[in-house]
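Residue numbers (this note's numbering): 1 to 106.
Beta carbons: idealized from backbone N, C-alpha and C, even for Gly.
One structure is given here, and the rest of the page talks about it.
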Amino acid sequence: MPSARFPGGRVVAGGFLILTTSAGFGFYGLAVYLNALSRERGWEVSSLSLATTVYFLVAGLAGLYVARLIARHDIRRVILAGGVMGGASLALLGRVSEPWHLFVVY
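Right under this line is the structure:
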């Protein structure tokens with residue numbers, strides 16, 4: 001008798017956690033950390049928002065390239081590389097000292 005359990009459940013759960021975390025920091029967390037960066041560093045919110053806009057544009061276009069990478073390479077390595085890059089960016093965000101650094105870190 002086949003198992004009633006969906007075999008890809010762990011993959012679905014992992015994807016859910018990744019998307020929830022990245023969407024939380026990248027989209028819904030903007031009001032929290034952009035205002036905090038502006039107050040703490042004394043930078044204009046508009047320059048911080050521009051960096052965020054560029055991030056969303058680059059991320060949207062990069063999705064096309066990532067799809068090709070996944071088709072050609074092992075998906076686990078592509079996801080691992082993306083996770084490492086995302087974690088490094090998040091860690092470096094607290095060390096930003098100039099507004100242009102945001103464009104690099106994002």
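Checklist entry - Is the region 88-104 in contact with the region 40-52, if contact means three or more CB pairs nearer than 8 Å? => result yes
Item to check | Contact the region 30-37 vs the region 64-84: 3+ CB pairs below 8 Å | outcome: no
Checklist entry - What separation, rounded to the nearest whole angstrom, lies between the Cα atoms of Leu93 and His73? => result 29 Å
Checklist entry - Should Leu37 go down as buried or exposed, given a rule of 16 or more other Cβ atoms within 10 Å for buried? => result buried
Next on the checklist: Here's a check: name, in chain order, each residue in its chain whose Cβ is nearer than 6 Å to the Cβ of Ser89, leaving out the five neighbours to either side.
Outcome noted: Val105
Checklist entry - So Ile70 and Val78 are in contact, right, with Cβ under 8 Å, and what is the actual spacing, rounded? => result 5 Å
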